[in-house]
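Residue numbers (my numbering): 86 to 430.
Just so it is clear, CB atoms sit at the ideal spot from N, CA and C, and this is done for glycine as well.
Keep in mind the model is a prediction, meaning the values are calculated, not measured.
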Ligand SMILES: NC(=O)c1ccc[n+]([C@@H]2O[C@H](COP(=O)([O-])OP(=O)(O)OC[C@H]3O[C@@H](n4cnc5c(N)ncnc54)[C@H](OP(=O)(O)O)[C@@H]3O)[C@@H](O)[C@H]2O)c1
């Protein structure tokens, strides 16, 4: 006899309704995921969490790598919110340009924005730079470790100096500045240290062996530091992991030789806009999100697959990775065309 024979019509209709609800729920969640551009925690914070406008107004935020790309856009959006800023990078003229633009777009005054040239590689200066910020503003509420450089070269062709430089800049430079700023935050009992890592800090990708290693190092460092400072509930340690975002990162990437520039960066228009990436970052900061995954599909899927099913990730990446190298060798952006025939310019 069929097992359903034992069920009353009422039980069956409740069962059907539950099944329909579950199916609709699954379809809705799947569509949300297809169109998502950040992990679900960050998207939740963006839609329902505290607003950056309320949380970050009047705070003192120190941004490294503020002369270009993500750091520059962070400066603009924070200025519009009314955040006081410290803008750091090596190129002082570019920082002055960003400052003027911030003043033009906001109600901030001259004294609310400090231009502080800083070389992340020059670690012996970091103590004095931190002291200069404290002298000007009296406090640091948020440090955004954003300055860094990427890589476009295959391991077999890359000199050891390039690996050294990537670790010195992306990893040790960031650690050095953090070590100067953190004691001040601990002393005042509050503060956020957030670091722009990368999808390459979670996953591996060809052409990025050194860059990915430096970002994995940052992930390990800050994940451990977060636990060390767990006794200070006012301190937040977070990492930001963007996928491809429009900026100068590819133009400025290390190649196989230390001072050799990249011959062709390729079109960057297919990447997430800097403005959207930064809005997501600010929502994450306002809500103390500890790790933010930011990226259009298929990069967002890539995060989840690498995190939860690494064996599948290695299989898929070995296929897509070949395409990445082909794109690069064809003079395109490495991430330009995974699923279409590359259009060589
Ligand atoms: N764009 C992406 O697709 C993407 C994806 C994932 C992660 N990220 C990360 O996002 C961060 C910002 O990069 P971006 O995309 O905005 O690239 P970008 O436009 O090239 O900006 C990089 C910034 O880092 C600064 N910088 C480089 N070397 C420095 C040094 N020795 N000392 C101090 N500052 C230095 C540069 O300023 P100066 O040249 O004036 O010093 C510039 O302001 C980086 O950490 C990068 O790894 C970017």
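Near ligand 3: residue i beta-carbon under 8 Å from a heavy atom
i: residue 157; result: The ligand content of the structure shown is limited to ligand 1, which means ligand 3 is not among them.
Heavy atom of ligand 1 within 8 Å of residue i beta-carbon
i: residue 204; result: yes
i: residue 209; result: no
i: residue 140; result: no
i: residue 389; result: no
i: residue 351; result: no
i: residue 254; result: yes
i: residue 212; result: no
i: residue 258; result: yes
i: residue 233; result: yes
i: residue 187; result: no
i: residue 300; result: yes
i: residue 326; result: yes
i: residue 329; result: yes
Residue i, enclosing alpha helix (DSSP H) - first and last residue
i: residue 383; result: Premise fails: residue 383 is in no alpha helix (DSSP H) and is neither H nor E.
i: residue 60; result: Any question about residue 60 goes unanswered here, given that the chain covers just 86 to 430.
i: residue 100; result: 94–120
i: residue 335; result: Where residue 335 is concerned, there is no enclosing alpha helix (DSSP H), given that its DSSP letter is neither H nor E.
i: residue 266; result: 259–273
i: residue 410; result: 395–414
i: residue 154; result: 154–166
Pick from the options that is closest to residue i, judged by C-alpha positions
i: residue 368; options: 100, 107, 102 and 142; result: 142
i: residue 347; options: 281, 205 and 334; result: 334
i: residue 198; options: 138, 363, 169 and 162; result: 169
i: residue 265; options: 308, 225 and 211; result: 211
i: residue 352; options: 382, 283, 422 and 303; result: 422
i: residue 234; options: 281, 309, 412 and 315; result: 281
i: residue 185; options: 203, 204 and 165; result: 165
i: residue 385; options: 109, 121, 247 and 309; result: 121
i: residue 272; options: 314, 360 and 295; result: 314
i: residue 226; options: 373, 103, 125 and 204; result: 373
i: residue 287; options: 398, 188 and 268; result: 398
i: residue 140; options: 277, 382, 309 and 317; result: 277
i: residue 283; options: 260, 268 and 376; result: 376
Outcome for residue i when other beta-carbon atoms lying within 10 angstroms are tallied against a minimum of 16
i: residue 349; result: exposed
i: residue 326; result: buried
i: residue 178; result: exposed
i: residue 414; result: exposed
i: residue 209; result: exposed
i: residue 87; result: In this prediction, residue 87 has a pLDDT of 46, which is less than 50 and means its spatial position is unreliable; nothing more can be read from the coordinates.
i: residue 101; result: exposed
i: residue 223; result: exposed
i: residue 94; result: exposed
i: residue 115; result: exposed
i: residue 430; result: Here residue 430 scores only 45 on pLDDT, less than 50, and its place in the model should not be relied on; the value that follows carries that caveat. Under this definition residue 430 is an exposed residue.
i: residue 117; result: exposed
Residue range of the beta strand (DSSP E) that includes residue i
i: residue 324; result: 320–327
i: residue 173; result: 169–173
i: residue 230; result: 227–230
i: residue 369; result: Unbroken run through residue 369 is the alpha helix (DSSP H), 359–371; no beta strand (DSSP E).
i: residue 134; result: From DSSP, residue 134 is part of no beta strand (DSSP E); its letter is neither H nor E.
i: residue 278; result: 276–281
i: residue 199; result: 198–200
> Three or more beta-carbon pairs under 8 Å between the segment 379–396 and the segment 183–194, yes or no?
Replying inline: Counting Cβ pairs under 8 Å, fewer than three are found: no touch.
>> Is it the case that the segment 251–259 contacts the segment 298–313, given that we only count it when at least three CB pairs across the two stretches are under 8 Å?
In response: Contact holds: three or more Cβ-Cβ distances are below 8 Å.
>> Any contact between the segment 131–145 and the segment 357–371? By contact I mean 3 or more CB pairs, one from each, below 8 Å.
In response: Contact check between the segment 131–145 and the segment 357–371: three or more CB pairs, one atom from each, fall below 8 Å, which counts as touching.
> Do the segment 404–414 and the segment 162–175 touch if we need at least three Cβ pairs shorter than 8 Å?
Replying inline: Inter-segment contact for the segment 404–414 and the segment 162–175 is absent: fewer than three beta-carbon pairs are separated by less than 8 Å.
> Do the segment 149–160 and the segment 209–216 make contact, defined as three or more Cβ pairs closer than 8 Å?
Replying inline: At 8 Å Cβ cutoff, the stretches do not touch.
>> Contact between the segment 237–253 and the segment 338–347 is defined here as three or more beta-carbon pairs at a separation below 8 Å; is this criterion met?
In response: The segment 237–253 vs the segment 338–347: in contact.
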